[in-house]
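Asks:
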Amino acid sequence: SLGGDERSQAIAELFRGVPRSTFEQVAREIPLTPGAVDTVITLRKRGYTVGVVTDSYRIAAEIVRRRVFADFSVAHLLRFRAGHAAGELAVSPLFRHPQGCTVHPLCKQNVVLHLKDRFGIEGDRVLAVGDGLNDACMLRAAGFSFAFEPKSPLLHAAAAYT
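First residue of the sequence shown: 1266, per my numbering; consecutive thereafter.
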């Protein structure tokens, strides 16, 4: 079993040679969950800062962020040369935190900790939504956590609400 760094790099290698435009097109056309845009807009109107945190690639995360009107995105950087994926990955430093997750070297919980540190946000003021096991630590770190259409029954235990 590969660790977080190795797994992410191996996936990036699989994409070597794929045109940048393919990543952009997929991110523009991937179906959004019904109600996602309305939810983000409502949260922002209520004073929340909304972000997309993914262990995928910034090229896609930024397009999805704009489609749902979120404030920011955090993702890894897939490198491109001459318009094609180079098979190389720069891991977002926000996925690591010195006092962060003790289970995973790269973890969305660490992103939450960085954001809390940077903006002075109290833990009970963080709302997180996730659907996969890679979201479990992030959900446990949030003051309000929601497992949305969870892909694993184990996610129910990590979230306050389903």
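We treat Cβ as the ideally placed atom computed from N, Cα and C, and that holds for glycine.
Could you check how far apart the C-beta atoms of Ser1357 and Val1329 are, in whole angstroms? I think they sit under 8 Å.
Replies: Within the sequence shown, the letter at position 92 stands for residue 1357. Within the sequence shown, the letter at position 64 stands for residue 1329. The Cβ separation is near 16 Å, so there is no contact.
Asks: Using C-beta distances below 6 Å, list every residue in its chain close to Ala1406, excluding the 5 sequence neighbours before and after it, in chain order.
Replies: As a working mapping, residue 1406 is identified with position 141 in the sequence shown. Excluding positions up to five away in sequence, the list reads Gln1374 and Val1377.
Asks: Are there 16 or more other CB atoms within 10 angstroms of the CB of Phe1337, so buried, or fewer, so exposed?
Replies: Position 72 of the sequence shown holds residue 1337. With fewer than 16 Cβ atoms within 10 Å of its Cβ, Phe1337 is classed as exposed.
Asks: Just to check my reading of the structure: Ser1410 and Leu1398 have Cβ atoms closer than 8 Å, yes? What is that Cβ distance to the nearest angstrom?
Replies: One-based indexing of the sequence shown puts residue 1410 at position 145. One-based indexing of the sequence shown puts residue 1398 at position 133. Ser1410 to Leu1398, Cβ: 14 Å. No contact.
Asks: What does the alpha-carbon distance come out to for the pair Gly1348 and Thr1287?
Replies: For the purposes of this step, residue 1348 is taken as the residue at position 83 of the sequence shown. For the purposes of this step, residue 1287 is taken as the residue at position 22 of the sequence shown. Their Cα atoms are separated by approximately 10 Å.
Asks: Rounding to the nearest angstrom, what Cα-Cα distance links Val1372 and His1341 in this structure?
Replies: Position 107 of the sequence shown, counted from the first residue, corresponds to residue 1372. Position 76 of the sequence shown, counted from the first residue, corresponds to residue 1341. What sits at residue 1372 in the sequence shown is Cys, not Val. If you take the alpha carbons of Cys1372 and His1341, they lie about 12 Å apart.
Asks: On the criterion of 16 or more Cβ atoms from any shown chain inside 10 Å, does Arg1272 qualify as buried, or is it exposed?
Replies: Mapped onto the sequence shown, residue 1272 falls at position 7. Exposed, by the Cβ-count rule.
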